[in-house]
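The listed protein sequences derive, respectively, from chains X and H. Residues 1 to 289 in this note's numbering are what the first sequence lists, from first letter to last. Residues 1 to 154 in this note's numbering are what the second sequence lists, from first letter to last. Ideal placement from N, C-alpha and C gives every residue a C-beta, glycine not left out.
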Amino acid sequence: MEFLAPGSWPDALAARAENPGAVPIAGGTDVMVDLNFDRHRPDALIDLTRVGELREWSVAEDGTVRLGAGVSFARVMSELSALAPGLAMASRTVGSPQIRVRGTVGGNLGSASPAGDAHPVLLAVGAAVEVESAARGPRAIPVSEFFTGVKTSALEPDELISAVLLPAATGPQQFAKVGTRNAMVIAVTSFGLALHPEQGRVGAAIGSAAPTPLSAVDAQDYAAGELVDLWSSRGELPGGVAARFGELVAAAARPIDDVRGTAAYRRHALSVLARRTLTWAWDEYRRAA
Amino acid sequence: MRVHLTVNGERRQADDVWEGESLLYLLRERLGLPGSKNACEQGECGSCSVYLDGEVVCACLVAAGQAVGREVVTVEGLADGADLHPVQQAFLDAGAVQCGFCTPGLLVTVHDLLARDAAPEDAEIREALAGNLCRCTGYEKILDAVRDAAGRLA
Ligand SMILES: Cc1cc2nc3c(=O)[nH]c(=O)nc-3n(C[C@H](O)[C@H](O)[C@H](O)COP(=O)(O)OP(=O)(O)OC[C@H]3O[C@@H](n4cnc5c(N)ncnc54)[C@H](O)[C@@H]3O)c2cc1C
Ligand code: FES
Ligand code: FES
Numbered sequence: 001m002e003f004l005a006p007g008s009w010p011d012a013l014a015a016r017a018e019n020p021g022a023v024p025i026a027g028g029t030d031v032m033v034d035l036n037f038d039r040h041r042p043d044a045l046i047d048l049t050r051v052g053e054l055r056e057w058s059v060a061e062d063g064t065v066r067l068g069a070g071v072s073f074a075r076v077m078s079e080l081s082a083l084a085p086g087l088a089m090a091s092r093t094v095g096s097p098q099i100r101v102r103g104t105v106g107g108n109l110g111s112a113s114p115a116g117d118a119h120p121v122l123l124a125v126g127a128a129v130e131v132e133s134a135a136r137g138p139r140a141i142p143v144s145e146f147f148t149g150v151k152t153s154a155l156e157p158d159e160l161i162s163a164v165l166l167p168a169a170t171g172p173q174q175f176a177k178v179g180t181r182n183a184m185v186i187a188v189t190s191f192g193l194a195l196h197p198e199q200g201r202v203g204a205a206i207g208s209a210a211p212t213p214l215s216a217v218d219a220q221d222y223a224a225g226e227l228v229d230l231w232s233s234r235g236e237l238p239g240g241v242a243a244r245f246g247e248l249v250a251a252a253a254r255p256i257d258d259v260r261g262t263a264a265y266r267r268h269a270l271s272v273l274a275r276r277t278l279t280w281a282w283d284e285y286r287r288a289a
Numbered sequence: 001m002r003v004h005l006t007v008n009g010e011r012r013q014a015d016d017v018w019e020g021e022s023l024l025y026l027l028r029e030r031l032g033l034p035g036s037k038n039a040c041e042q043g044e045c046g047s048c049s050v051y052l053d054g055e056v057v058c059a060c061l062v063a064a065g066q067a068v069g070r071e072v073v074t075v076e077g078l079a080d081g082a083d084l085h086p087v088q089q090a091f092l093d094a095g096a097v098q099c100g101f102c103t104p105g106l107l108v109t110v111h112d113l114l115a116r117d118a119a120p121e122d123a124e125i126r127e128a129l130a131g132n133l134c135r136c137t138g139y140e141k142i143l144d145a146v147r148d149a150a151g152r153l154a
């Protein structure tokens, strides 16, 4: 086995291109578990923690936040709670303090687990994953096209994830997750919500209740339709809307029975999470008037 | 491969390190520092908690090569010679140590918590210790020890 420690982004891309059997390692919170248990023995590790570019974030003039793939969950919580409140909330639920200090958003995407906590919010806000290869340069993949199956993604073997591109929040966002305790749980199911008042749009996405993280398209359309006259008046959410929204979110899920929960429980939990988070987010939107 | 790093203020080096090896293995098996414990090797228990460049991490989830040139502080680095750190003394006095397997990781984590927040609320203590499991004490004595240590350090 080899240990490659590129010190810059171009060197990292070159190492990726030259070592098809290598595994990139960022925070290591997924990769090291596989190595420790000998589930996987790659030809080489490509350590990304010395690539300074990956740990930076910035905001463009049009309000797009470019979040380097190597920014940790702990930093998202402390530095991005205003620009990306939903992602900051999701980050707060990841693992434990020790996991959040090391674990990165890029690593979450790299693992592409259906239970990854960053994913529902990234779908709900309409984020894109910026990836790059030495041969073909950079490209942006909409998060809605990034997850292709259980733990598989649209990332090509010679590509690395450089950043996540997400619009700075223009309205309230929420993330909620069901698990057996507050810390250190893989989601039984999870839900991300983003209000986009300037577009009259509601983003809603599900985690851990389908082979991939998933947008709840019918629920999004329904909410946008019900709220169409309310964005400017900031009126009360009409009775029954949140509950119906919850039903549509549950209907979008494609859950299975597994050790963490049954499909029926996941659907029920999702309807509750969706109803609650829409209510909270809309109340916050009204109070912000 | 050869790795060099700073551990508890001393420059250390190890040869023939396997490229997929963890920082925890490096510390325990090659550098003679068995204080950090190996209980789960999957980030769940926190018994391997150490400082890496000033942040508390699970040493079992850091590749040895990732620690090259970095600064590590382990539980062995908390005491001042024969004088226990107040956090260590508080754990002893409160009876927060039973089998002791979780203790090194908890000491490092509490050391860090109190360095950042001299007077944490109980909820903050619980949150800070959420990644450290103890199978013996039921946590009450550990919470007592943290409150006591905060008092001693004030
Ligand atoms: C105890 C514990 C608790 C956890 N709890 C949670 C939780 O609550 N929620 C949750 O979502 N996850 C959880 N995880 C999983 C893990 O922490 C996350 O998936 C984390 O985001 C992984 O990030 P990392 O930087 O550590 O990734 P790594 O382990 O370094 O890498 C993960 C994968 O991504 C690839 N990769 C990393 N960076 C890049 C890049 N820039 N380009 C291309 N590929 C890349 C790697 O090759 C690997 O396949 C937990 C893990 C542990 C050990
Ligand atoms: S041994 Fe590292 S967290 Fe358990
Ligand atoms: S004292 Fe035994 S595990 Fe904590």
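Where R116 (chain H) is concerned, the enclosing alpha helix (DSSP H) starts and stops at T103 to R116. DSSP places R201 (chain X) within a strand segment (E or B) once states are collapsed to three. Restricting attention to beta strand (DSSP E) runs no shorter than 3 residues, the region 129-198 of chain X encloses them at 137-142, 147-149, 159-167, 173-178 and 189-196, ordered along the chain. Secondary structure at W57 (chain X): strand, using DSSP grouped into helix, strand and coil.
Considering only beta carbons, the part of the region 33-63 of chain H lying closer than 7 Å to chain X consists of E41, Q42, G43, E44, G46, S49, E55, V56, V57, C58, C60, L61, V62 and A63, in chain order.
Distance from the CA atom of E53 (chain X) to the CA atom of N108 (chain X), rounded to whole angstroms, is 18 Å. Relative to ligand 1, the nearest heavy atom lies less than 7 Å away from the CB of R102 (chain X). Of all residues in the region 6-28 of chain H, only W18, E19, G20 and S22 place a beta-carbon less than 8 Å from a beta-carbon of chain X. For D117 (chain X), the three-state secondary structure derived from DSSP is coil.
Comparing alpha-carbon positions, the option among X:W57, X:L48, X:D117 and X:V241 lying closest to L4 (chain X) turns out to be X:L48. Contact between the region 273-280 of chain X and the region 245-256 of chain X is established, with three or more Cβ pairs separated by less than 8 Å. The C-beta distance from V125 (chain X) to G203 (chain X) rounds to 6 Å, short enough to meet the 8 Å contact threshold. Residue-level contact by beta carbon holds for E2 (chain X) and chain H, with a gap shorter than 8 Å. Under the Cβ distance rule, Q98 (chain H) does not count among the residues neighbouring chain X, no pair being separated by less than 8 Å.
Residue range S49 to L52 is occupied by the beta strand (DSSP E) that includes Y51 (chain H). Residues of the region 102-129 of chain H with a Cβ closer than 7 Å to any Cβ of chain X, in chain order: A128. Cβ proximity to chain X below 8 Å picks out G65, Q66 and V68 from the region 65-84 of chain H. At a beta-carbon threshold of 8 Å, the residues of chain X lying near G131 (chain H) are G95, S96, P97, Q98, I99, A183 and M184, ordered along the chain. Neighbours of A5 (chain X) in chain H, taken as residues whose beta carbon is under 9 Å from its own, are G65, Q66 and V68 in chain order. With contact defined as three or more Cβ pairs closer than 8 Å, the region 52-72 of chain H and the region 23-38 of chain H are in contact. Approximately 5 Å separates the beta-carbon atoms of A112 (chain X) and K151 (chain X); this is inside 8 Å, confirming the contact. Among the residues facing chain H, L45 (chain X) is included, as its CB has a counterpart in that chain under 8 Å away.
The C-beta distance from I125 (chain H) to V146 (chain H) rounds to 5 Å, short enough to meet the 8 Å contact threshold.
Rounded to the nearest whole angstrom, the C-alpha separation of Q42 (chain H) and M32 (chain X) is 8 Å.
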